[in-house]
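Visitor: Taking the working numbering, the leading residue of the sequence shown gets 122, the next gets one more, and so forth.
First the structure, then my questions, so here it is.
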Amino acid sequence: MWRCALPPLLRYPTVDELGARAAALVSRRPSDARLRRVGTSRAGTPMWLLSVGHGSRQALVVAGPHANEPVGGATVLRLAERVLADPGFTEGADATWNLLLSLDPDGLRRNEGWLPGPYSLGRYFRNFFRPGFLEQPEWLPDGAAAAALPETRTLLDLQDELRPFLQCSLHGVDVGGGFVELTHDLPGLAGRLAHTAARFGIPRELGPYDTLYWPSLGPAVHRIPPPRIGDLAAAITEAAVESTWFHPYRHGTVTAVVEAPMWGVAAVEDGSPPADAAEVLRAVSHTLRHDTRLLEVLLARLRPHLAGMPDAARLLAPVDDYLLVCPGLADAWDPDVADGARPLPPLSTAHLAALRIAGRRLALRTAGLLHQLVTRAGRDPAGVLPDLDRLIDDWCADYREGMGARWIPVPRQVEYQSRVVLAAFELALRHAPACSRSGESGWGSQAAVPMHRE
C-alpha cells in the first residue's frame with residue numbers, strides 16, 4: 122500500500138502551501154493523480170484542481186468556499202492521501218475524485234494573519250476576513266447565467282463539465298459543532314456522522330441557526346430547501362438562495378455541505394427541552410440589539426475618517442451586511458416582538474445555544490473587521506480602537522467562559538471532516554450510474570504540469 126511521504130499538517134495551510142503539497146503528491150503518483158489550473162481568481166491567483174483516479178463516476182470536493190474557513194484545504198489534501206492509498210475509492214468504485222484546493226484563494230490570503238497559529242478566539246476575530254455577500258463565490262444572487270465572479274464561473278464550469286454524482290462543499294464553523302446539509306437525503310449518514318463525531322470528540326450541532334426552518338434528516342443532518350431568489354437576509358443568515366449547491370441538481374448531483382467546528386461547544390448537541398425558552402430568547406435578542414447599537418456608534422465615529430484608509434470598501438461590505446441583518450434577527454427571535462408571520466419551530470436546548478452563539482458571532486465579526494480597518498490604516502483618528510479591543514476581549518471571554526468554547530486541534534478537525542466526506546461518498550455511490558465521460562480530456566499517465574511554468 123502506498124504511503125504518503127509528506128509530513129502531517131498540524132495547522133491550517135496557506136494558499137501557497139496548498140498548491141505545493143498537492144504538487145508534491147502528484148509528483149509521487151503521476152499515473153494516478155493530476156493537478157490542473159481550472160481558473161484564476163480576481164487577484165490573479167491560480168485555482169488548482171487535484172484529480173485522483175480514472176473512473177467514470179465523478180466526485181467533486183470544494184474547499185475554501187468561505188475565506189475564513191480553512192479546514193477544507195487541509196481536508197482535501199487528506200482525502201487525496203486516503204484515496205491514493207486505497208484503490209477501493211477509485212478503481213473499486215469506478216470513480217475519479219476532483220478536489221478544488223480553494224474556491225476563494227484571495228479571501229484565504231486575507232486570513233493568513235491567524236492561519237499559522239497560535240489559535241485563540243481573539244487572534245482569530247482580529248484577523249478575520251470574509252467578503253460581503255455579493256463577493257462570496259458560492260452564491261448566485263442573480264442566477265447562474267449572470268454570475269460575474271471568476272471564481273463562481275470556474276465552479277459552475279467544473280460542475281457542468283464533470284456532472285458529479287456527489288459534490289461536497291467543505292465549510293468550517295468557528296464556534297459550535299459539526300453538521301451536514303444535503304440537497305438529497307443520504308439514508309444512513311446521520312448514523313455515520315454520529316459515530317465519527319464521537320470518535321474524534323466533535324460536538325454535533327443539532328439545531329444550527331441557519332437551518333432553523335429546514336427539514337431534519339436525522340440528528341445534525343438537514344435538508345437544504347429550494348432557493349428563494351433575491352432574499353438577501355435569507356442569503357446571509359440561512360443560505361436559502363440560488364447557489365452553486367443547487368446548480369448541479371439538474372445533473373442528479375447530491376450536494377453535501379460538511380461543516381467542521383474550530384471551537385466546540387457541548388451545549389449545541391443537547392437535545393433536551395429548555396426550562397424557559399422564552400426567557401433565553403429575550404436575552405439573546407436584547408443582547409444582539411445592544412451589541413449592534415454599540416457597533417453602529419463606533420462605525421458612525423469612524424465613517425468621516427474612511428477616506429484614504431486602505432481597503433475600506435472591501436472591509437466595510439461585510440460590516441454593512443452584518444449590521445443589516447442583526448435587527449431583523451433580533452426581532453425574529455424575540456417572543457415579545459415576533460409578529461407570527463413566521464413563528465419559531467419548537468426549540469431544544471441545542472437550538473438556543475446555537476442562537477446565542479450566532480448572535481455573538483455576528484457582533485464579533487463586525488468588531489473584528491472594524492478593528493482591521495483601523496490597524497491597517499496605522500492610525501486611529503476616531504479613537505475607536507480601545508473600545509473595539511474591549512468588546513472583542515469581552516465577547517471572546519463570553520464564548521470561552523459563558524459557553525464553554527474549546528479549541529479542537531486541526532488534525533482532529535481534518536480527520537472528522539474527511540471521514541464524513543468518505544461516508545457521503547460511499548452512500549451516494551450506491552445510487553450513482555456509471556458514466557462514459559472521464560471529466561478531463563486527455564487524461565492519461567503524463568506528469569503534472571510543473572507549477573513554476575504556470
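We put the beta carbon where it would ideally sit given N, CA and C, even for glycine.
The model shown is predicted, which means the values in this text are computed figures rather than measured ones.
State the start and end residues of the unbroken alpha helix (DSSP H) segment that holds residue 439.
Guide: Against the sequence shown, residue 439 aligns to sequence position 318. Segment 433-454, the alpha helix (DSSP H) holding residue 439.
Visitor: Quick one: what does DSSP say residue 288 is sitting in, helix, strand or coil?
Guide: The residue you call residue 288 lines up with position 167 of the sequence shown. Correct three-state label for residue 288: strand.
Visitor: Quick check: the Cα distance between residue 139 and residue 301, rounded to an integer number of angstroms?
Guide: Numbered from 1 along the sequence shown, position 18 holds the residue referred to as residue 139. Numbered from 1 along the sequence shown, position 180 holds the residue referred to as residue 301. Approximately 24 Å, taken between the alpha carbons.
Visitor: At which residues does the alpha helix (DSSP H) containing residue 492 begin and terminate?
Guide: Looking up residue 492 in the sequence shown gives position 371. Looking at the DSSP string, the run of the alpha helix (DSSP H) that includes residue 492 is 470-498.
Visitor: What did DSSP end up calling residue 552 once you bin it into helix, strand or coil?
Guide: Within the sequence shown, numbered from 1, the residue matching residue 552 stands at position 431. Of the three classes helix, strand and coil, the one that applies to residue 552 here is coil, per DSSP.
Visitor: Closer than 7 Å by C-beta to residue 406: which residues in its own chain qualify, once you throw out the five before and the five after it? Chain order, please.
Guide: As a position in the sequence shown, residue 406 is number 285, starting the count at 1. 451, 454 and 455.
Visitor: Just reading off the beta strand (DSSP E) that residue 300 is part of, what are its end residues?
Guide: Here residue 300 refers to the residue found at position 179 of the sequence shown. Here the beta strand (DSSP E) through residue 300 covers 300-303.
Visitor: Going by DSSP, what residues sit across from residue 218 in a beta bridge?
Guide: Along the sequence shown, one-based indexing puts residue 218 at 97. For residue 218, which the question treats as bridged, DSSP gives the partners 173 and 180.
Visitor: Nearest-angstrom Cα distance between residue 463 and residue 334?
Guide: The sequence position of residue 463 within the sequence shown is 342, counting from 1. The sequence position of residue 334 within the sequence shown is 213, counting from 1. Approximately 9 Å, taken between the alpha carbons.
Visitor: Enumerate in chain order the residues of its own chain whose CB-to-CB distance from residue 517 is below 6 Å, with the five nearest sequence positions on each side excluded.
Guide: Here the question's residue 517 lines up with position 396 in the sequence shown. The residues are 242 and 243.
Visitor: For residue 573, which residues in the same chain have their Cβ closer than 7 Å to its Cβ, ignoring the five residues on either side in sequence?
Guide: Taking the first residue of the sequence shown as 1, we reach residue 573 at position 452. Unreliable positioning characterises residue 573 in this predicted model, as indicated by a pLDDT of 30, which lies under 50. The coordinate reading is nonetheless provided below. Answer for residue 573: no residue qualifies.
Visitor: Is there contact here, the segment 280-287 with the segment 522-541, by at least three beta-carbon pairs under 8 Å?
Guide: Too few Cβ pairs lie closer than 8 Å, so no.
Visitor: Quick one: what's got a C-beta closer than 6 Å to residue 564's C-beta in the same chain, skipping five residues either side?
Guide: As a position in the sequence shown, residue 564 is number 443, starting the count at 1. For residue 564, the predicted structure reports a pLDDT of 34, less than 50, and the residue's modelled location is therefore unreliable. The matter cannot be settled from this model.
Visitor: Got a sec, what are the start and stop residues for the beta strand (DSSP E) residue 275 sits in?
Guide: For the purposes of this step, residue 275 is identified with residue 154 of the sequence shown, where counting begins at 1. Where residue 275 is concerned, there is no enclosing beta strand (DSSP E), although the alpha helix (DSSP H) it sits in stretches over 271-283.
Visitor: Look at the Cβ atom of residue 384, then the Cβ atom of residue 235, and state whether they are nearer than 7 Å.
Guide: Stepping through the sequence shown from its first residue, residue 384 is reached at position 263. Stepping through the sequence shown from its first residue, residue 235 is reached at position 114. No, Cβ-Cβ distance for residue 384 and residue 235 is not below 7 Å.
Visitor: Label residue 214 either buried or exposed according to how many other C-beta atoms from any shown protein chain fall within 10 Å of its C-beta, with 16 as the threshold for buried.
Guide: Residue mapping note: residue 214 aligns to position 93 of the sequence shown, counting from 1. Result: buried.
Visitor: Please say whether residue 225 and residue 188 have beta carbons closer to each other than 7 Å?
Guide: Counted from its first residue, the sequence shown places residue 188 at position 67. Counted from its first residue, the sequence shown places residue 225 at position 104. The answer is yes: Cβ separation under 7 Å.
Visitor: Determine the closest residue to residue 543 out of 310, 258 and 401, with distance taken between C-alpha atoms.
Guide: Here residue 543 refers to the residue found at position 422 of the sequence shown. Comparing Cα-Cα distances from residue 543 to each of 310, 258 and 401, the minimum goes to 310.
Visitor: Hey, could you find the ends of the alpha helix (DSSP H) residue 414 is sitting in?
Guide: As a position in the sequence shown, residue 414 is number 293, starting the count at 1. It spans 398-423 - the alpha helix (DSSP H) in which residue 414 sits, taken as one unbroken run.
Visitor: Quick check: what's the CA-CA separation for residue 128 versus residue 477?
Guide: To locate residue 128, count along the sequence shown from 1; it is residue 7. To locate residue 477, count along the sequence shown from 1; it is residue 356. So the alpha carbons of these two residues sit roughly 39 Å apart.
Visitor: With a threshold of 6 Å on Cβ separation, who are the neighbours of residue 570 within its own chain once the five nearest residues in sequence on each side are excluded?
Guide: Position 449 of the sequence shown, counted from the start, is the residue given in the question as residue 570. The predicted model places residue 570 with a pLDDT of 33, which falls under 50 and marks its position as unreliable; any figure quoted below should be read in that light. Excluding sequence neighbours, residue 570 sits near nothing in its chain.
Visitor: Would you give the residue range spanned by the alpha helix (DSSP H) that residue 201 belongs to?
Guide: The residue given as residue 201 occupies position 80 in the sequence shown. It spans 192-206 - the alpha helix (DSSP H) in which residue 201 sits, taken as one unbroken run.
Visitor: When we look at the beta-carbon of residue 412 and count the other beta-carbons within 10 Å, is it buried (16 or more) or exposed?
Guide: Position 291 of the sequence shown, counted from the first residue, corresponds to residue 412. Buried.
Visitor: Please report how far the alpha carbon of residue 270 lies from the alpha carbon of residue 397, in whole angstroms.
Guide: Residue 270 sits at position 149 when you count from the first residue of the sequence shown. Residue 397 sits at position 276 when you count from the first residue of the sequence shown. Computed Cα separation, rounded: 46 Å.
Visitor: State the Cα-Cα distance for the pair residue 457 and residue 465, rounded to the nearest angstrom.
Guide: If you number the sequence shown from 1, residue 457 lands on position 336. If you number the sequence shown from 1, residue 465 lands on position 344. So the two alpha carbons sit approximately 12 Å from each other.
Visitor: Are the CB atoms of residue 272 and residue 258 nearer to each other than 7 Å?
Guide: On the sequence shown, position 151 is the one that residue 272 refers to. On the sequence shown, position 137 is the one that residue 258 refers to. A contact, by the Cβ cut-off of 7 Å.
Visitor: I'd like to know if the segment 308-326 and the segment 408-423 are in contact, where contact means that at least 3 CB-CB pairs between them fall below 8 Å.
Guide: The segment 308-326 vs the segment 408-423: no contact.
Visitor: For residue 297, count neighbouring Cβ atoms within 10 angstroms of its own Cβ and tell me buried if that reaches 16, exposed if not.
Guide: For the purposes of this step, residue 297 is taken as residue 176 along the sequence shown, with counting starting at 1. Result: buried.
Visitor: Do residue 443 and residue 483 have their CB atoms nearer than 7 Å?
Guide: Taking the first residue of the sequence shown as 1, we reach residue 443 at position 322. Taking the first residue of the sequence shown as 1, we reach residue 483 at position 362. Their beta carbons are under 7 Å apart, which means residue 443 touches residue 483 by this criterion.
Visitor: Assign residue 212 to buried or exposed, taking buried as 16 or more other Cβ atoms, counted over all protein chains shown, within 10 Å of its Cβ.
Guide: If you number the sequence shown from 1, residue 212 lands on position 91. The residue is exposed, with fewer than 16 neighbouring Cβ atoms inside 10 Å.
Visitor: Between the alpha carbons of residue 265 and residue 136, how many angstroms are there, rounded?
Guide: Within the sequence shown, the letter at position 144 stands for residue 265. Within the sequence shown, the letter at position 15 stands for residue 136. Approximately 27 Å between the Cα atoms of the pair.
Visitor: Whole angstroms is fine: what's the gap from residue 275's alpha carbon to residue 177's?
Guide: Within the sequence shown, the letter at position 154 stands for residue 275. Within the sequence shown, the letter at position 56 stands for residue 177. Rounded to whole angstroms, residue 275 to residue 177 spans 21 Å at the Cα level.
Visitor: Going straight from the alpha carbon of residue 223 to that of residue 541, what length do you get?
Guide: Translated into positions along the sequence shown, residue 223 becomes position 102. Translated into positions along the sequence shown, residue 541 becomes position 420. The alpha-carbon atoms of residue 223 and residue 541 are separated by roughly 19 Å.
Visitor: On the three-state DSSP scale, how would you describe residue 186?
Guide: In the sequence shown, residue 186 corresponds to position 65, counting from 1. Reduced to three states, the DSSP call for residue 186 is coil.
Visitor: Going by the CB atoms, is the gap between residue 182 and residue 197 shorter than 7 Å?
Guide: For the purposes of this step, residue 197 is identified with residue 76 of the sequence shown, where counting begins at 1. For the purposes of this step, residue 182 is identified with residue 61 of the sequence shown, where counting begins at 1. In this structure, residue 182 lies closer than 7 Å to residue 197 by Cβ.
Visitor: Rounded to whole angstroms, how far is the Cβ of residue 158 from the Cβ of residue 513, which I believe are closer than 8 Å?
Guide: Locating residue 158 in the sequence shown gives position 37, where the first residue counts as 1. Locating residue 513 in the sequence shown gives position 392, where the first residue counts as 1. About 38 Å separates the two Cβ atoms, so there is no contact after all.
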